[in-house]
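Trainee: Below is one structure. I have some questions about it.
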Amino acid sequence: MANADGGAYSYSLTVFSPSGKLVQIEHALAAVAGGTTSLGIKASNGIVIAAEKKTSSILIDDSVIDRVAVICPNIGIVYSGMGPDFRVLVTKARKSAQAYWKIYGTYPPTRVLTQEIATVMQQATQSGGVRPYGVSLLVAGWDSHRGPTLYQVDPSGSFWAWKASAIGKNMVNAKTFLEKRYNDDISLEDAIHTALLTLKEGFEGQMTEKTIEIGVITVPTPEELEAESPDGITGRVKPTFRKLTEEEVRDYLSL
Amino acid sequence: MSKSSVYSSPGFDFSNIVRNNFLHEKGLPLPKATSTGTTIVGCLFKDGIVLGADTRATEGPIVADKNCEKIHYITESIRCCGAGTAADTEFTTALISSNMELHALQSGRKPRVVTAMTMLKQMLFRYQGHVGAALVLGGVDSTGPHLFTIHPHGSTDKLPYVTMGSGSLAAMAVFESGWQPNMEREQALNLVKAAIAAGIFNDLGSGSNVDACIITANSTEMLRNVEMPNVRVQKERDYKFRRGTTAWKKEEIRSLVVEETVTPIGRGDEMDTS
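For the record, the sequence lines run as chains A and B. Numbered per the working numbering, the first sequence spans residues 153 to 407. Numbered per the working numbering, the second sequence spans residues 94 to 367.
Right under this line is the structure:
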C-alpha cells in the first residue's frame with residue numbers, strides 16, 4: 153500500500169496517499185526535472201529569463217522552437233518540462249491577459265496573471281480524467297504596483313516569488329551557482345551575464361546564439377510612464393518585455 | 094420570449110428588437126443613443142495613410158462632448174476612425190484591437206489591416222446592422238498601406254480616399270477636387286485638414302477640432318487637435334458680483350476636511366503562506 157513510488161495511490165490524481173502526497177504531482181515534478189534547464193534573475197532595474205534550446209537531433213529546424221514566450225507587453229514566460237503543455241498554457245495566459253485588458257483597460261499585474269495561470273494548473277490536479285501539466289514556469293513581468301517581479305509556478309499550482317531561480321535538469325547546480333553570484337543590487341547587464349554563465353555551467357555541447365533564448369524585462373523610465381497616462385498620446389503601453397534577437401545574444405556571448 | 098432551457102442557442106438573440114418595436118408603436122419614446130454625427134476621412138499618400146476626424150459627439154440636438162477622440166487604436170500601425178453610435182464604435186474597435194493583439198502573438202507576425210477589416214465586417218454582419226458603427230480603417234502592414242470603409246451592415250470598400258459620417262459629403266467634395274496619387278506628407282495632411290474643416294463648418298453633426306493620424310511603415314503619429322478652429326473667445330465683460338451684493342444675517346464656518354492616519358495591521362497584502 154505505502155510503496156516508495158506510491159503503489160495504488162500513484163495512479164489516481166484525486167486520491168491522497170497515506171503520507172499526504174498526491175503522487176501524480178510528484179511524477180509531474182519528475183517530468184519537469186527531466187526537461188531542459190531554464191532560469192530567471194531579477195535585477196534592480198529589470199529581469200532576465202533564459203532557456204537552453206536543446207534539440208534531440210541536429211536535423212531539427214530550431215528557428216521554430218519557442219522556449220521564451222510573450223504573454224502581453226509587460227509579461228514573458230519561460231518553462232521547463234513538456235513543450236506541448238507549455239504551448240496550451242501560453243495560449244490560455246494570453247487570452248487571460250486580453251480578458252483582463254477588456255475589463256480594466258490595463259494589462260494585468262504580474263501577480264494577477266501568475267495566479268490565473270496557477271489556478272488553471274491547479275484545476276488539472278483536482279478534476280477527474282485529467283492529468284497535471286508537466287511544466288514549471290518562470291513568469292517575469294513589470295507592473296507599476298510592485299515593479300519587476302519573477303514568479304515560479306509548479307505543476308501543483310503553487311507559486312511563489314524569486315529573486316533568482318532555475319528549473320529543469322540542472323536546477324540544483326544552477327541554483328547553487330546563483331546563490332553565490334546574486335546580490336540585491338545586481339544590474340540588468342550583470343544579470344544577463346550571470347544568466348549566461350549559469351547556463352554554461354550545465355550546458356552539453358556548444359552554447360551559441362542558436363541554442364539559447366533570452367527574454368528581458370526593462371523598467372520604463374518616468375517619461376515613458378508619463379506617456380502612458382490618459383493625457384499622453386501613445387497608442388498603448390510601451391512593451392517592457394522583449395526577446396533578444398540572435399545578434400544581441402551573440403554580442404552578449406562574445407563578451 | 095424567455096428561454097425555458099438552460100442552454101442558450103448560438104447567435105445573437107433578436108427578441109429585444111421585437112419588444113422594443115412593439116413598445117415604440119404603443120407610444121414609448123425610444124432612448125436616444127449618443128451619435129457621433131461626425132466627419133471622418135482617410136486618404137492614401139506616397140508613404141502611407143492619413144486619417145482625420147472631427148471631435149464633436151451629439152445626443153440628438155445637444156453637443157454631448159466637444160472634444161471626443163474618434164481615431165481609435167487597433168494596433169501600433171493600424172487605426173480606425175468611427176462614426177455612428179459612439180458606444181458601438183468604442184466597444185467594437187476595442188474588441189477587435191484586443192483580438193488583433195492575441196492573433197499577432199499567436200501567429201508571431203505583424204498584424205495586417207485586412208485581418209482587422211475581416212474581423213470587423215464579420216462581427217457587424219453578425220449583428221445585422223444593429224451595431225451602429227461606420228468605420229474608416231487604415232494602416233500600414235508588411236504588404237503596404239491599406240484603407241477601408243466598413244458600413245454598419247458589414248459591407249466594405251477598399252479605396253484610396255474615403256469619407257464617412259454626416260459630414261461625409263462636405264468632406265468628399267474637398268477630396269474629389271483635391272486628391273492626387275502619390276502626394277507628399279504635408280500636402281496629404283493639409284487636404285485631410287481641409288476635408289474635416291469642410292465637415293465641421295457645413296455639417297451640424299460635426300464640429301470643434303480636427304484630429305489627424307499619419308501612419309507610415311516606420312511610425313505612427315497621432316496629431317490630437319492638430320487644428321482648433323473653434324476656440325471659445327474670451328468674454329468681453331466680467332460677470333462676477335461684488336462680495337456683499339447679497340446681504341447676510343448669520344455666518345457659521347465648519348471644516349469638512351477629515352484628518353485621518355492609516356496604520357496597517359498584520360501582513361499588509363502579502364500572501365499568507367502560514
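All C-beta atoms, glycine included, are put in the ideal place defined by N, C-alpha and C.
(1) In three-state DSSP terms, what is phenylalanine 138/B?
(2) How far does the beta strand (DSSP E) with glycine 177/B in it reach, from first residue to last?
(3) Report, in whole angstroms, the separation of the C-beta atoms of isoleucine 133/B and glycine 300/B, which I expect to be a contact under 8 Å.
(4) Against chain A, with Cβ distances strictly below 7 Å, would serine 108/B count as a contact?
(5) Leucine 165/A by DSSP, collapsed to three states: which one?
(6) Between which two residues does the beta strand (DSSP E) harbouring methionine 315/B extend?
(7) Could you give the distance in angstroms between the alpha-carbon of proline 238/B and the alpha-carbon of lysine 395/A?
(8) Quick one: what does DSSP say aspartate 234/B is sitting in, helix, strand or coil?
(9) Is it the case that the Cβ atoms of asparagine 325/A and glycine 354/A are separated by a distance below 7 Å?
(10) Going along the chain, which residues of the region 186–197 of chain B sit with their C-beta nearer than 9 Å to a C-beta in chain A?
(11) When the cut-off is 7 Å and only beta carbons count, does arginine 219/A lie next to chain B?
(12) Can you find a CB in chain B that lies within less than 7 Å of the CB of glutamine 250/A?
(13) Express the C-alpha separation of tyrosine 303/A and threonine 328/A in angstroms, rounding to a whole number.
(14) Note down, in chain order, every chain A residue with its Cβ under 9 Å from the Cβ of glutamine 280/B.
(15) DSSP three-state label for arginine 333/A, please.
(16) What does the alpha-carbon distance come out to for the pair asparagine 114/B and lysine 247/A?
(17) Give me the chain B residues within the contact set of glutamate 239/A, using Cβ-Cβ distance strictly less than 8 Å, ordered along the chain.
(18) Hey, does arginine 246/A have any beta-carbon neighbour from chain B nearer than 7 Å?
(19) Could you compute how far the alpha carbon of aspartate 295/A sits from the alpha carbon of tyrosine 252/A?
(20) Kindly indicate which three-state DSSP category phenylalanine 105/B falls into: helix, strand or coil?
(21) Taking 7 Å as the CB-CB limit, is lysine 254/A close to chain B?
(22) Do you know offhand how far glycine 186/A's Cα is from threonine 370/A's?
(23) Thinking just about the alpha-carbon of each residue, which of Glu320/B, Pro122/B, Ser200/B, Leu230/B is nearest to the one in isoleucine 167/B?
(24) With 16 other CB atoms within 10 Å as the buried threshold, where does glycine 260/B fall?
(25) Just to confirm before moving on: does the CB-CB distance between glycine 177/B and alanine 146/B stay below 7 Å?
(26) Within the same chain, show all residues whose beta-carbon is closer than 6 Å to that of tyrosine 254/B, passing over the 5 residues directly before and after it, in chain order.
(27) Going by CA-CA distance only, name the one from Gly298/B, Pro204/B, Leu188/B, Thr242/B that's closest to isoleucine 155/B.
(28) So with CB distances below 8 Å, who are the chain A contacts of glutamine 215/B?
(29) Hey, out of Tyr332/B, Ile293/B, Arg336/B, whose CA is closest to asparagine 160/B's CA?
(30) Drop a sphere of 10 angstroms on the beta-carbon of leucine 284/B, count the other beta-carbons inside from all chains shown, and report buried for 16 or more, exposed for fewer.
(31) State the DSSP-derived secondary structure class of aspartate 342/A, mapped to helix, strand or coil.
(32) Candidates Ser200/B, Asp234/B, Lys163/B, Glu169/B: which alpha carbon is nearest phenylalanine 184/B's?
(33) So valine 368/A packs on valine 200/A, CB below 8 Å; how close in whole Å?
(34) Figure out for me which residue from Lys286/B, Thr313/B, Ala266/B, Val207/B has the closest Cα to the Cα of leucine 240/B.
Mentor: Quick look at the numbers:
(1) strand
(2) 171–177
(3) So it is not a contact: roughly 13 Å between Cβ atoms.
(4) Serine 108/B has a beta carbon lying at 7 Å or more from every beta carbon in chain A.
(5) coil
(6) 313–320
(7) 27 Å
(8) strand
(9) Yes, the Cβ-Cβ distance between asparagine 325/A and glycine 354/A is below 7 Å.
(10) Ala187, Leu188, Ser190, Ser191, Asn192, Glu194, Leu195
(11) no
(12) yes
(13) 18 Å
(14) The contacting residues do not exist; glutamine 280/B stays about 24 Å from chain A at best.
(15) helix
(16) 37 Å
(17) Rather than glutamate, the amino acid found at residue 239/A in this sequence is arginine. Going along chain B, no residue has its Cβ under 8 Å from arginine 239/A, so there is no contact; the nearest lies around 10 Å.
(18) yes
(19) 14 Å
(20) coil
(21) yes
(22) 31 Å
(23) Leu230/B
(24) buried
(25) no
(26) Cys136, Phe268, Trp272
(27) Here the closest residue by C-alpha is Gly298/B.
(28) Going along chain A, no residue has its Cβ under 8 Å from glutamine 215/B, so there is no contact; the nearest lies around 18 Å.
(29) Ile293/B
(30) buried
(31) helix
(32) Lys163/B
(33) 5 Å
(34) Val207/B
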